[in-house]
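A.B. asks: First, the structure itself, so that you have it in front of you.
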Amino acid sequence: MLTGGGDCPGLNAAIRAIVRKGIDVYGHALVGFRDGWRGPMEDLHEELTIESTRGILPRGGTILGTSRTNPFKTGEGPGRVREAMAGLELDGLIAIGGEDTLGAAARLHGDHGVPVLGVPKTIDNDLAATDVTFGFDTALQVATEAIDRLHTTAESHNRVMVVEVMGRHAGWLALHSGLAGGGDVILIPERPFDIEEVCRLINRRHARGRYFSIVVAAEGAMPKEGTMEVVEGEKDEFGHVRLGGIGHRLEREIEGRTGFETRAVVLGHIQRGGTPTAFDRVLATRLGVAAIDAANDGRWGTMPALRGTRIELVPLSEAVESLRTVPAEDYEAASPFFG
Ligand code: F6P
Numbered sequence: 000m001l002t003g004g005g006d007c008p009g010l011n012a013a014i015r016a017i018v019r020k021g022i023d024v025y026g027h028a029l030v031g032f033r034d035g036w037r038g039p040m041e042d043l044h045e046e047l048t049i050e051s052t053r054g055i056l057p058r059g060g061t062i063l064g065t066s067r068t069n070p071f072k073t074g075e076g077p078g079r080v081r082e083a084m085a086g087l088e089l090d091g092l093i094a095i096g097g098e099d100t101l102g103a104a105a106r107l108h109g110d111h112g113v114p115v116l117g118v119p120k121t122i123d124n125d126l127a128a129t130d131v132t133f134g135f136d137t138a139l140q141v142a143t144e145a146i147d148r149l150h151t152t153a154e155s156h157n158r159v160m161v162v163e164v165m166g167r168h169a170g171w172l173a174l175h176s177g178l179a180g181g182g183d184v185i186l187i188p189e190r191p192f193d194i195e196e197v198c199r200l201i202n203r204r205h206a207r208g209r210y211f212s213i214v215v216a217a218e219g220a221m222p223k224e225g226t227m228e229v230v231e232g233e234k235d236e237f238g239h240v241r242l243g244g245i246g247h248r249l250e251r252e253i254e255g256r257t258g259f260e261t262r263a264v265v266l267g268h269i270q271r272g273g274t275p276t277a278f279d280r281v282l283a284t285r286l287g288v289a290a291i292d293a294a295n296d297g298r299w300g301t302m303p304a305l306r307g308t309r310i311e312l313v314p315l316s317e318a319v320e321s322l323r324t325v326p327a328e329d330y331e332a333a334s335p336f337f338g
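Residue numbers for the sequence shown follow numbering that gives the first Met the number 0, beginning at 0 and rising by one.
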C-alpha cells in the first residue's frame, strides 16, 4: 500500500486496519511503499507487520510518509510501478489518497492494467464517490475550535478577523466550520465573492451594535472577476497552484473599505496535523477493512466509499471523474446567519 498527496488524520488508522485484517484474517504479507508514488517509482518500501503498526491508531500523519509525486509526470512511471510490484511479487496495490493519488491509481488500472484499489482520504472532503472522507472531521474540529478562540479576541478588540481555512476547490471546511463557529461571512471557491457585499455585511453588523466580525474564507475562495486583485502561486506536479494568501488580501481590502481594524489568521497545516477524531478513526478503519476485503477478493479498480451509513465498493473511475463541491442550496442554507 501507499499513502499519497497531503497527509490527513486517519491515515494510520486505515494502514493499521489493512495490516491487521490482511495478516490476521487472510494471512497475506503486506508491504508499504514510502512517500506516495515516489515509493514504487524509486523502489522505497518496507514490510508492514502487526508489530510495526502497533499503537498508530491515534497518531496523525502517516507512518509511510507521503508526497505529491505524479507517476505520470514522465512516461516511465507506469512501467516503474509495475516493475516495483513484480519485484516484490505483489498481487496488487492499495493507494490511499485524494483526487490526485486516486486519479493516478485509476489511470494505472484503467489504461495500464495495474491491479490497484483506492481508499479515499482528504481533509477537503471533495471526492465525488463518497459522502465523507476521513480527515475532514478532524480538520473541521480544529478549524471550529480556532474560530471559537478568535471570537473572544475579536470581540475584545472590536476587530474583524479573517480566518483562512484549507479547501482548494471545495468549500466544505469553510462552510461547516463557519456554520459551527458562527462565522458572519463565509467565502467558498464555488461562489466567487463580491468584496462590496462582504463589507456591506460587516457594516450591517456594526450598525446593529456588533462591533466585531468573523469572516471564514476557504483558501480557494475567489473574488468575482475584476473586483479584487489575486496573486497566482507556483504549481505542484499535478498542476495545482499553491494557494494561501486570500486571507491577507481580504484583511487589507476589508480594513481599507470599512475602516475597521482587521486581522487575518491562516490556519494552514495545523488543520491537517495531530490526532484524528473518533469519527475519522472509525471511518478510516471501516474503509481499511473494506479495502483489504476487496483486495482479497481481487476487486481491483474499485474503492470502498461511505454511502449514507454503509461502506460500498464503487468503481475507482467514478471516484475521480468529478469533485464533490458544495451545492448552491447548502450555501444558501448558511446565508441567514451572515452579517
Ligand atoms: O489537498 C488537501 C490540502 O490540504 C488542500 O486543502 C491544500 O490546498 C493542500 O492540501 C496543501 O498542500 P501542501 O501540503 O502541499 O501545502
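Heads up, the beta-carbon is just placed ideally off N, CA and C, and yes, glycines get one too.
Since A103 and L322 should fall inside the 8 angstroms C-beta cutoff, what is the C-beta to C-beta distance between them, to a whole number of angstroms?
C.D. replies: Indexing the sequence shown from 1 puts residue 103 at position 104. Indexing the sequence shown from 1 puts residue 322 at position 323. Not really, about 16 angstroms apart at Cβ, beyond 8 angstroms.
A.B. asks: Cα-Cα, which of N124, A293, C198 and D123 is closest to G255?
C.D. replies: As a first step, residue 255 must be located in the sequence shown, where it is residue number 256. That would be C198, whose Cα lies nearest to the Cα of G255.
A.B. asks: According to DSSP, which residues form a beta bridge with E311?
C.D. replies: In the sequence shown, the residue the question calls residue 311 occupies position 312. A304, per the DSSP bridge assignment.
A.B. asks: DSSP on G96, reduced to helix/strand/coil?
C.D. replies: Here residue 96 refers to the residue found at position 97 when the sequence shown is read from its first residue. In this structure, G96 counts as strand in the three-state DSSP scheme.
A.B. asks: Looking at C-alpha atoms only, which residue of T226, P335, V161 and G134 is the closest neighbour of T261?
C.D. replies: By one-based count along the sequence shown, residue 261 stands at place 262. Nearest C-alpha to T261: V161.
A.B. asks: Hey, quick one: how far does the alpha helix (DSSP H) through V197 stretch, first residue to last?
C.D. replies: As a working note, residue 197 is residue 198 in the sequence shown. Here the alpha helix (DSSP H) through V197 covers I194 to A206.
A.B. asks: Quick one: give me the first and last residue of the alpha helix (DSSP H) that P39 is part of.
C.D. replies: In the sequence shown, residue 39 corresponds to position 40, counting from 1. First-last of the alpha helix (DSSP H) with P39: R37 to E41.
A.B. asks: Determine the DSSP secondary structure at T152, reduced to helix, strand or coil.
C.D. replies: In the sequence shown, counting from the first residue as 1, residue 152 sits at position 153. Three-state DSSP puts T152 in a helix.
A.B. asks: Which residues in the same chain have their Cβ closer than 7 angstroms to the Cβ of I146, if we skip the five residues on either side of it in sequence?
C.D. replies: Position 147 of the sequence shown, counted from the start, is the residue given in the question as residue 146. Same-chain partners within the cutoff: V162, S176, G180, G182, I213 and V215.
A.B. asks: Pairs of beta-carbons, one from the stretch 31 to 43 and one from the stretch 59 to 72, closer than 8 angstroms: are there three or more?
C.D. replies: Because the criterion of three Cβ pairs below 8 angstroms is met, the stretch 31 to 43 and the stretch 59 to 72 touch.
A.B. asks: With P119 as the anchor, note down where its beta strand (DSSP E) starts and where it stops.
C.D. replies: Residue 119 sits at position 120 when you count from the first residue of the sequence shown. Counting along the chain, the beta strand (DSSP E) containing P119 begins and ends at V115 to P119.
A.B. asks: With a 10 Å radius around its C-beta and 16 neighbouring C-beta atoms as the bar for buried, classify T137 as buried or exposed.
C.D. replies: Mapped onto the sequence shown, residue 137 falls at position 138. So T137 counts as buried.
A.B. asks: May I have the straight-line CA-CA distance separating A294 from A304, to the nearest angstrom?
C.D. replies: For the purposes of this step, residue 294 is taken as the residue at position 295 of the sequence shown. For the purposes of this step, residue 304 is taken as the residue at position 305 of the sequence shown. In a straight line, the C-alpha of A294 is about 15 angstroms away from that of A304.
A.B. asks: Compute the minimum distance between the beta carbon of T121 and the heavy atoms of the ligand GTP, and state whether it is under 7 angstroms.
C.D. replies: You won't find the ligand GTP in this model; what it holds is the ligand F6P.
A.B. asks: What residue range does the alpha helix (DSSP H) around H247 cover?
C.D. replies: Taking the sequence shown and counting its residues from 1, the one referred to as residue 247 is at position 248. Where H247 is concerned, the enclosing alpha helix (DSSP H) stretches over I245 to T257.
A.B. asks: Which residue marks the beginning of the alpha helix (DSSP H) containing I14, and which one marks its end?
C.D. replies: As a first step, residue 14 must be located in the sequence shown, where it is residue number 15. Run containing I14: L10 to R19, per the alpha helix (DSSP H) assignment.
A.B. asks: Could you give the C-beta distance for I95 and L10, rounded to a whole number, given that I count them as a contact under 8 angstroms?
C.D. replies: The residue given as residue 95 occupies position 96 in the sequence shown. The residue given as residue 10 occupies position 11 in the sequence shown. Right, the Cβ-Cβ distance comes to about 6 angstroms (below 8 angstroms), so this counts as a contact.
A.B. asks: Any heavy atom of the ligand F6P closer than 7 angstroms to the CB of M221?
C.D. replies: Locating residue 221 in the sequence shown gives position 222, counting from the first residue. Every heavy atom of the ligand F6P is 7 angstroms or more from the Cβ of M221, so no.
A.B. asks: Identify whether E46 lies in helix, strand or coil by the three-state DSSP scheme.
C.D. replies: By one-based count along the sequence shown, residue 46 stands at place 47. E46: strand per DSSP, three-state reduction.
A.B. asks: E163 by DSSP, collapsed to three states: which one?
C.D. replies: For the purposes of this step, residue 163 is taken as residue 164 along the sequence shown, with counting starting at 1. Residue state, collapsed to three classes: strand.
A.B. asks: What residues match up with G31 in a beta bridge as DSSP calls it?
C.D. replies: Working through the sequence shown from its first residue, we reach residue 31 at position 32. E45.
A.B. asks: Here's the rule I'm using: 16 or more other beta-carbon atoms within 10 Å means buried, otherwise exposed. How should P326 be labelled?
C.D. replies: What you label residue 326 is simply residue 327 of the sequence shown in a count that begins at 1. Its Cβ having fewer than 16 others within 10 Å, P326 is exposed.
A.B. asks: If you count every other CB in all the chains shown that lies within 10 Å of the CB of G258, and 16 or more means buried, which is it?
C.D. replies: Stepping through the sequence shown from its first residue, residue 258 is reached at position 259. With fewer than 16 Cβ atoms within 10 Å of its Cβ, G258 is classed as exposed.
A.B. asks: For R15 and R53, what's the separation of their Cα atoms in angstroms?
C.D. replies: Translated into positions along the sequence shown, residue 15 becomes position 16. Translated into positions along the sequence shown, residue 53 becomes position 54. Going by the C-alpha atoms only, they are around 8 angstroms apart.
A.B. asks: Classify F347 as buried or exposed, calling it buried when 16 or more other Cβ atoms lie within 10 Å of its own Cβ.
C.D. replies: The question about residue 347 has no answer here: the residues shown for the chain are numbered 0 through 338.
A.B. asks: Across the stretch 107 to 115 and the stretch 147 to 156, are there enough close Cβ pairs to call them in contact, namely three or more that are closer than 8 angstroms?
C.D. replies: No, the stretch 107 to 115 does not touch the stretch 147 to 156.
A.B. asks: Buried or exposed for T152, going by 16 or more other Cβ atoms inside 10 Å?
C.D. replies: Residue mapping note: residue 152 aligns to position 153 of the sequence shown, counting from 1. It is exposed - the Cβ of T152 has fewer than 16 other Cβ atoms within 10 Å.
A.B. asks: What whole-angstrom Cβ distance do A105 and L282 have, given they're in contact under 8 angstroms?
C.D. replies: For the purposes of this step, residue 105 is taken as the residue at position 106 of the sequence shown. For the purposes of this step, residue 282 is taken as the residue at position 283 of the sequence shown. Between L282 and A105 the Cβ distance is about 21 angstroms, and since that is not below 8 angstroms, they are no contact.
A.B. asks: DSSP on S212, reduced to helix/strand/coil?
C.D. replies: In the sequence shown, counting from the first residue as 1, residue 212 sits at position 213. S212: strand per DSSP, three-state reduction.
A.B. asks: For L396, report the span of its beta strand (DSSP E) as first-last.
C.D. replies: Any property of residue 396 remains undetermined from this structure, which presents the chain solely from 0 to 338.
A.B. asks: Ordered along the chain, which non-local residues of its own chain (more than five positions away) have a Cβ less than 7 angstroms from that of I93?
C.D. replies: The residue given as residue 93 occupies position 94 in the sequence shown. If we look at I93 and ignore the five residues flanking it on each side, its Cβ neighbours are M0, I17, L116, V118, A290 and A294.
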